[in-house]
Every structure is written in C-alpha cells, then in structure tokens.
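A quick write-up on the structure given underneath.
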Amino acid sequence: MKLSEVNITYKSRTILDSRGNPTSELDLIYDGKVYRSSCPSGASTGKNECVVLVDNKSRYNGKNIDGVHKIIKNVIFPFLKKSDVDIKNSNSVDELMLTIDTSKNKENIGVNALLPFSLSFCKLAAKLNNLPLFKYISTIYNTSLQMPKPHFNVLNGGMHSGNDFKIQEIMICFDTDDINESIESASVFYHSLKSIISKKYGSLFTSVGDEGGFAPPINSISEGIELLIQAGNECNKKNFKIALDVAANSFFIDGKYYITDDSYSTEELCDYYLNMLKSYPQIYSNRRSIFRGRHSRMVNV
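What follows is the structure, given as structure tokens:
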C-alpha cells in the first residue's frame, strides 16, 4: 500500500508533558481511524541524543514549539505523501524519514517532529497487518515475546529533584517473572521506604521528584542504597536488584565529574562505579544498569 496512493491525513498540536513543558502530539488519520502519538523528552539529555527543537524565547520559558508544527506541515508530511513507501511496513517509513535530515542528532527538524510520525505509522502498520502493536514490534525486530520486568523509580536526584543528590534515578527490579507479584512487592516496598525517610529525615522529605521517586537529602549512592536495603528488610521484600540512571553529563563541569563533593576524571569515575558494584552486589552489572556517561548513553561496567 503506497503512501502516495492512499488517503491519509494528519493533525498536529501542542500538548503539555508531565513537567508542564510543550511537546508535540500528532494524529495520523486513515480509513476513519486515528493513530495518536506524542513525543517525550527528559530533563537531562545525553550528548548523542536527538535534538528537541524549541523556537520562541518569549513563550513557555523559551520552550514553545510552533516551528515544529511548521516543519511537520511544510517538510515531513509533503515529503512522505509523495513517496511510494509501503505503509504496512513502518520500518520503511522510518528509514525514509531519516533521509530528510542527515545530521547525526536530527538538529534540523528535531525529534519532536519525527517521533510522533514514527510512532503513529507503527500503530497504523500494526493495524493493517492485523496484529496487536506489541506483536507487530516483535516481528520488526524478530524477537521472542516475553513479559517485561518493570523497574520502579524509588529515589530521585540530579535534574529530577531539588536535593543535592547528583544521581538522577535509583530504581529497583524484583526477581520474579510474575508481574502482579512484582507490582505488589513494589507497592509494599515504596510505602516502607516512605516510612523510613519520614522517620529519618522528616515528613517534608516524603515528597517526590519528577519521576515519582522520593527525594530525601542524601549525598551519595551508598546512602541511597542503604535506605533501599533497610526498606527491603523492614517489609520483607529483599529479592530485588538495583539500577542507576546516573546522567553523568549533568554533573560534568570543566572536564571533571562532580558526583560527590570531590571531582573525578573519567577513569576515576569508572573506578568509583566499580567500587560501588563490589560493595553492593544488588546493583546490576550489565550494560543497561548504569546509564548515560559523558561519551555515550550508557557506561559499560
């Protein structure tokens, strides 16, 4: 089904994300049905992440995105509409869109113009192939289906909170394949952690950060992990692993990492991570556990 030969339209609009900042939402309209998607963005971004375009310093604290809608209207949709790409294959649509802006991080058209199209075309392709979205995505990547293991965001720092804790997120993941059991364990654990924080630091510090984790006045990873160990012991939920979203670029200043009151070189920071792994075997030690170093999205430890 060639895109140029079908009656397909769109509507784009500005919505506010969970932080109250503008982001783009797009409806792809085909055969009387609407396929809606929006673009998320984080408080901190890695060096190689795609650019979120903003265009007006006088509105929304400089985060207005009227220009994004102009790019969608004048660049992306006309380019797609005249193409012979098969709308039943969203990968082909993605590959075609990537040719519109050949810059490494899509700085010319912005991820907030591209991503809603990509997600909506994926939903459309799933429908046209008579597959649930999760099964269609599985066929794209030729992967076997398995229930994901949720990671629960329990402690916030960095750009996700107002405390002095440099690490952006500490998450927990329970060692079970039963998702209902995992959710229940997380709920019990979360309330146990809240009680501990309230007793230790005061009820004022049971408020939460951007991602829903608590933001107590802690200063080090070890202090945060000790809180989690105590919470697990008190609620008898000890079978969990820990993942860190470090967001090291957020505390990289003048060639040094200020993860504590001391400064670290790149090599010293890696040693710091390795020492944490030795001290706390609960921390994942695979590529997906410690995110976002200076030079890449993930630090391999």
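Residue 1 is where the sequence shown starts when you use UniProt numbering, and the numbers rise one by one after that.
Yeah, the Cβ is synthetic: ideal placement off N, Cα and C, and Gly gets one too.
Around the C-beta of Cys-173, are 16 or more other C-beta atoms found within 10 angstroms, so that it is buried, or is it exposed? buried
Mapping DSSP to helix, strand and coil, what is Tyr-190? helix
So which of Gly-110, Pro-216, Pro-150 has the shortest CA-CA distance to Ser-187? Pro-150
Bridge partners - Met-171, DSSP secondary structure assignment: Asn-153, Ala-243
Of the residues Gly-42, Asn-129, Leu-119, the one placed nearest Asp-17, counting alpha carbons only: Gly-42
Fully enclosed by the region 233-280, which alpha helix (DSSP H) runs are 4 residues long or longer? 266-279
Own chain residues within Cβ distance below 7 Å of Ala-231, not counting five before or after: Phe-189, Ser-192, Leu-193, Ile-196
Limits of the alpha helix (DSSP H) - the one that Ser-90 falls within: 90-98
Looking at Ile-167 and Ile-221, is the spacing between their C-beta atoms short of 8 Å? yes
Alpha carbon to alpha carbon, what distance is there between Ile-140 and Val-301? Residue confidence is low: Val-301 scores 38 on pLDDT, short of 50, so the model does not pin down where it sits. No coordinate-derived value is stated.
Does the Cβ of Asn-112 have 16 or more other Cβ atoms within 10 Å, making it buried, or fewer, making it exposed? buried
With a 10 Å radius around its C-beta and 16 neighbouring C-beta atoms as the bar for buried, classify Val-6 as buried or exposed. exposed
Nearest-angstrom Cβ-Cβ length linking Val-75 and Leu-53, presumed shorter than 8 Å: At roughly 12 Å, the Cβ-Cβ gap does not stay under 8 Å, so Val-75 and Leu-53 are not in contact.
Would you report the Cα separation of Lys-81 and Gly-202, rounded to the nearest angstrom? 58 Å
Measuring only the C-alpha atoms, how far is Gly-255 from Tyr-272? 16 Å
Val-154 burial status per 10 Å Cβ neighbour count (16 or more: buried): buried
Reduced DSSP category for residue 320 - H, G, I as helix; E, B as strand; rest coil: Residue numbering for the chain in the displayed model covers 1 to 301; residue 320 lies beyond these limits and cannot be assessed.
Asn-156 vs Asp-101 beta-carbon contact at 8 Å: no
Rounding to the nearest angstrom, what Cα-Cα distance links Leu-277 and Phe-117 in this structure? 40 Å
Just tell me which of Ile-8, Leu-145, Arg-13, Thr-14 has its CA closest to the CA of Tyr-30. Ile-8
Alpha-carbon to alpha-carbon, Asn-163 and Gly-135: In the sequence under discussion, the amino acid at residue 135 is Lys, which differs from the Gly named in the question. C-alpha separation (whole angstroms): 41 Å.
Can you name the start and end residues of the alpha helix (DSSP H) that Lys-123 belongs to? 111-128
Continuous alpha helix (DSSP H) stretch holding Asp-66: start and end: 66-71
Cβ distance (whole Å) where Ser-90 is taken to contact Cys-122 below 8 Å: 4 Å
Taking 8 Å as the cut-off, decide whether the C-beta atoms of Asn-105 and Asn-48 are in contact. yes
Rounded separation between Asp-262 and Ser-38 - CA only: 40 Å
Assuming contact is defined by CB atoms lying nearer than 8 Å, are Leu-3 and Ser-120 in contact in what I supplied? no
Based on the DSSP output, what are the partners of Val-208 in its beta bridges? Phe-214
Would you list the one or two residues that DSSP bridges to Leu-53? Per DSSP, none; premise fails for Leu-53.
State the Cα-Cα distance for the pair Ser-24 and Ile-15, rounded to the nearest angstrom. 6 Å
Quick one, which of Val-246, Lys-241, Asn-249, Phe-165 has its alpha-carbon nearest Pro-281's? Lys-241
Does DSSP put Leu-145 in a helix, a strand or coil? coil
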